[in-house]
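>
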Amino acid sequence: MEPIIKIENVTKKFPEGEGEFVALKNINLEFQEGEFSGIVGPSGSGKTTLLNIIGSLDQPSSGNAWVMDKNVAELSHKESAQLRNLHLGFIFQVYNLLPVYTVFENVEFALLLQNKSKEERRKAVMQALEWVGLENIPNKKPSKLSGGEGQRVAIARAMVKEPKIVLADEPTANLDATNAHAIIQTMKKLNEELGTTFLFSTHDEKVMQYLNRIIHLKGGEVEKDEIITAQNPKS
Amino acid sequence: MKLAFQLAYKNLVGAGLRSWLNVGILAFTFIVIIFFNAYLDGWNLQAQRESIKWEYGHGQLRHQDYDPLDPFSINEAHGKLNTPLSENLTAVLIQQASLYPEGRMVSILMKGIDSDQKILELPTEAFAKSDANIPALIGKRMASSNKLEVGDQLLLRWRDKNGTFDATEITIIEIFETDVTSVDAGQIWIPIERLWNMTGLKGEATYFIASEKYSHSPVDKWYYKSQAELLKQLQEIIEMKSASSSILYFLLLGIALLAIFDTQVLSIFRRQKEIGTYIALGMTRWQVVQLFTVEGSMYSILASIVGTIIGIPIFWYFSTYGIGMPDYVTQQDMGVTIAQRIYPAFTIGLIMGTIALVVLSATIVSFIPSRNIAKMDPVDALKGKVQ
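Protein chains in written order, with full-length UniProt numbering: chain X, 1 to 235; chain R, 1 to 387.
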């Protein structure tokens with residue numbers, strides 16, 4: 001089966017002073033559809049950089065990153081925006097909710113970009129809010145939400161368009177243990193029910209215990225690729 | 001684009017006081033621009049209308065030596081038309097004279113005009129009703145400056161065509177009221193037949209006033225000034241005034257636009273994570289640029305709405321009751337026609353034009369900082385690291 005994500009000799013360098021900092025060194029990885037995987041490692045190990053490349057927010061300095069058969073390195077701004085809009089969901093450490101919008105509007109945003117009808121949007125948003133257990137507070141503003149609720153909204157926003165891949169960058173870093181478990185359990189449930197591929201960047205032990213596969217990064221290189229349990233391929 | 005408007009509106013309303021301050025100053029500018037322009041347009045329209053009614057008619061056929069701005073040549077600038085006098089022309093003969101109100105000597109222009117004329121608003125029909133030796137019409141400025149009243153008789157001295165002084169008494173039969181000082185201050189109007197007799201210039205005129213039906217063909221020793229040419233000077237004066245006033249409202253507009261520019265720069269800097277999030281959610285960079293540009297121009301759209309709501313009662317009041325001009329402006333000959341009350345002319349064209357100006361300029365100043373978003377690295381934006 002063709003991998004949904006294929007990283008091929010990816011190196012990423014950033015200018016640093018007069019030299020350059022190598023964030024990723026010759027990474028080779030493949031992810032199958034439906035995986036619930038995590039990239040773990042200490043700060044500066046390249047987790048977020050790898051996630052950004054997969055999310056087509058960044059491009060590799062060399063090598064290829066294939067996401068849903070599209071080479072991120074060769075996509076135009078418009079094509080990468082389309083890839084993110086249709087197939088990728090993002091969950092951020094600090095939720096990144098749009099402050100002037102309500103919970104409903106935040107979740108609805110991605111569908112507005114897809115030009116879905118009002119009724120389609122309403123149904124999808126309420127469904128997504130139901131997945132994360134927030135169907136009762138659609139009109140709340142992000143400033144009135146707790147940390148756990150904020151991250152649930154972010155999950156609903158990532159999931160509302162039913163993407164193939166969700167990229168979650170340290171999603172539990174700002175949450176207490178109870179909320180962290182609840183959030184991961186929600187994502188795990190969505191992974192199992194919808195077959196969405198989840199890829200985390202984390203160093204949180206609470207997250208790791210739910211993962212099916214853990215890729216250890218150190219100094220920009222894959223130190224260990226660990227399969228914890230059998231994968232959950234959609235097919 | 002619809003999405004950009006929806007999002008921009010939400011962002012703007014969500015930004016609260018900051019947005020409304022920008023909208024407020026822009027709405028104020030919008031009202032000031034419309035008000036000043038309407039005031040000048042109103043003045044222009046009234047001045048044109050009054051000048052046509054009281055002085056210019058539909059054009060003037062002038063003797064080749066006549067220069068209204070040269071007092072030394074006026075007495076000699078007269079002649080007869082070689083062609084038969086058209087019924088669409090009314091003759092006016094101008095001669096210099098001296099008037100002696102209350103024993104003082106006042107230099108004046110003595111203007112003879114046909115008592116049957118219908119082109120100008122001058123109440124010349126009063127000549128026929130009067131049995132005075134020399135009935136005279138004067139304007140309220142002339143009456144006021146010389147303390148003259150209807151029925152007053154006073155000495156008039158002039159030179160005939162041979163240069164011989166002559167004098168007689170004239171009677172003020174009516175004082176007319178006009179905004180056109182150039183038919184009022186320092187002059188009297190008498191029947192042209194009497195002036196011909198007084199000066200021996202039978203059948204001669206300094207200029208002829210054309211009616212609407214007059215069609216001009218060149219006449220030897222006479223030149224024709226169409227209505228548009230006659231009004232040109234007035235328009236030029238008002239355009240000059242308009243240009244000087246525009247400094248004020250461009251300054252105001254500049255301040256308002258600076259506020260929007262500043263807000264946009266600050267907004268882009270403070271909302272980096274939001275910009276990164278938009279891109280992560282699938283917006284292209286140019287869609288984000290569009291969103292921020294629309295947000296900036298939305299200030300002007302809201303300002304136009306607020307300005308219209310606040311402006312309508314203000315505009316209605318002034319267009320109904322007018323703006324009173326001080327006496328020192330209206331009582332003296334300022335070289336331009338100024339009504340006692342000016343009624344601003346608020347036209348759809350002016351309002352739409354001002355809306356277009358404000359929206360366009362706000363869009364441009366919003367776009368300038370927003371286009372930097374296109375160069376932003378979404379990863380840096382998400383981290384809030386863009387400088």
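Even glycine gets a Cβ: it sits at the ideal position worked out from N, Cα and C.
Use the C-beta contact count for W189 of chain R: other C-beta atoms within 10 angstroms, 16 or more gives buried, fewer gives exposed.
By the 10 Å Cβ count, W189 of chain R comes out buried.
> For a contact meaning CB atoms closer than 7 Å, what does A110 of chain X contact in chain R?
Within 7 Å Cβ-Cβ: L281, G282.
> Mark P233 of chain X as exposed unless 16 or more other C-beta atoms lie within 10 angstroms of its C-beta, in which case mark it buried.
Its pLDDT being 42, under 50, P233 of chain X is placed unreliably by the model, and nothing is read from it.
> A345 of chain R and A47 of chain R look like a contact to me (Cβ under 8 Å); what is the Cβ gap, rounded to whole Å?
That pair is no contact at about 12 Å.
> Which partner residues does S37 of chain X have in the DSSP bridge list?
Per DSSP, X:L199, X:R213.
> Under the rule that 16 or more other beta-carbon atoms within 10 Å means buried, what is Q151 of chain X, buried or exposed?
Buried, because 16 or more other Cβ atoms sit within 10 Å of the Cβ of Q151 of chain X.
> Using a cut-off of 8 Å between C-beta atoms, extract the partners of K10 of chain R located in chain X.
Here the neighbours are V100, Y101, E105.
> Name, going along the chain, the residues of the region 345-379 of chain R whose beta-carbon falls closer than 7 Å to a beta-carbon of chain X.
Per Cβ criterion, the list reads P378, V379.
> Could you give the first and the last residue of the continuous beta strand (DSSP E) run that contains Q60 of chain R?
Its beta strand (DSSP E) spans residues 59-63.
> If we require 4 or more residues per run, which alpha helix (DSSP H) segments fall completely within the region 21-82 of chain X?
As far as the region 21-82 of chain X is concerned, its whole alpha helix (DSSP H) runs of at least 4 residues are 47-54.
> Spell out whether any CB of chain R is found under 8 Å from the CB atom of L50 of chain X.
With 8 Å as the cut-off, L50 of chain X does not count as an interface residue toward chain R.
> Buried or exposed: K375 of chain R, going by 16 or more other Cβ atoms within 10 Å of its Cβ?
Exposed.
> Could you name the residues of chain R that N174 of chain X contacts, counting a contact when the two beta carbons are closer than 9 Å?
Result: empty, since nearest Cβ-Cβ is about 14 Å, beyond 9 Å.
> So with Cβ pairs under 8 Å, would you call E274 of chain R a contact of chain X?
It does: the Cβ of E274 of chain R has a partner Cβ on chain X nearer than 8 Å.
> Cβ closer than 9 Å: which chain X residues qualify as neighbours of L3 of chain R?
Result: L112, L113, N115.
> Can you tell me whether A177 of chain X is buried or exposed, with buried defined as 16 or more other CB within 10 angstroms of its CB?
A177 of chain X is exposed by the Cβ-count criterion.
> Can you tell me the Cβ-Cβ gap for K47 of chain X and S201 of chain X, rounded? I've got them flagged as a contact below 8 Å.
Confirmed, Cβ separation roughly 4 Å.
> How would you call I52 of chain R, buried or exposed, if buried means at least 16 neighbouring beta carbons within 10 angstroms?
Classification for I52 of chain R: buried.
> What is the residue span of the alpha helix (DSSP H) that V100 of chain X lies within?
Per DSSP, V100 of chain X belongs to no alpha helix (DSSP H) and is neither H nor E.
> Taking a contact to mean a Cβ-Cβ separation below 8 Å, would you say H78 of chain R touches T206 of chain R in this structure?
Contact: yes.
> Counting only the same chain and skipping the five closest in sequence on each side, list residues whose C-beta sits under 6 Å from that of E50 of chain R.
Correct list, in chain order: D179, V180, T337.
> Would you please state the rounded distance, in angstroms, between the beta carbons of S216 of chain X and E223 of chain X? I believe it to be under 8 Å.
Per the sequence presented here, residue 216 of chain X reads as His, with Ser not at that position. Their Cβ separation, rounded to whole angstroms, is 4 Å, which keeps H216 of chain X and E223 of chain X in contact under 8 Å.
> R213 of chain X: which of X:K12, X:L29, X:L113 sits nearest, CA to CA?
When only C-alpha atoms are compared, the closest one is X:L29.
> Which residues mark the beginning and the end of the alpha helix (DSSP H) in which F346 of chain R is found?
From DSSP, F346 of chain R is part of no alpha helix (DSSP H); its letter is neither H nor E.
> Compare the C-beta of N26 of chain X with all C-beta atoms of chain R and state if any pair is closer than 8 Å.
Taking Cβ atoms only, chain R never reaches closer than 8 Å to N26 of chain X, which makes this a no.
> At what residues does the alpha helix (DSSP H) containing A228 of chain R begin and finish?
Unbroken alpha helix (DSSP H) run through A228 of chain R: 227-270.
> Roughly how many angstroms separate the alpha carbons of L199 of chain X and E74 of chain X, rounded to a whole number?
Going from the Cα of L199 of chain X to the Cα of E74 of chain X covers about 22 Å.
> When you compare only the Cα positions, how much space is there between Q32 of chain X and L83 of chain X?
Rounded to whole angstroms, Q32 of chain X to L83 of chain X spans 18 Å at the Cα level.
> Which stretch, first to last residue, makes up the alpha helix (DSSP H) that contains F315 of chain R?
It spans 285-321 - the alpha helix (DSSP H) in which F315 of chain R sits, taken as one unbroken run.
> Taking only beta-carbon atoms, is D58 of chain X less than 8 Å away from chain R?
Judged by the 8 Å Cβ criterion, D58 of chain X is in contact with chain R.
> Measure the CB-CB distance between F90 of chain X and G55 of chain X and report whether it falls below 8 Å.
Yes, Cβ-Cβ distance for F90 of chain X and G55 of chain X is below 8 Å.
> Who are D225 of chain X's beta bridge partners in DSSP?
Bridge partners of D225 of chain X: X:I215.
> Establish whether the CB of G296 of chain R and some CB of chain X are separated by less than 8 Å.
G296 of chain R does not count as touching chain X.
> Three or more C-beta pairs under 8 Å: does that hold for the region 23-36 of chain R against the region 296-305 of chain R?
As far as the Cβ criterion goes, the region 23-36 of chain R touches the region 296-305 of chain R, which means the pair count is three or higher.
> Give the straight-line distance between the Cα atoms of P191 of chain R and Q64 of chain R, rounded to the nearest whole angstrom.
Roughly 23 Å between the two C-alpha positions.
> With DSSP collapsed to three states, give me the class of E149 of chain X.
Helix.
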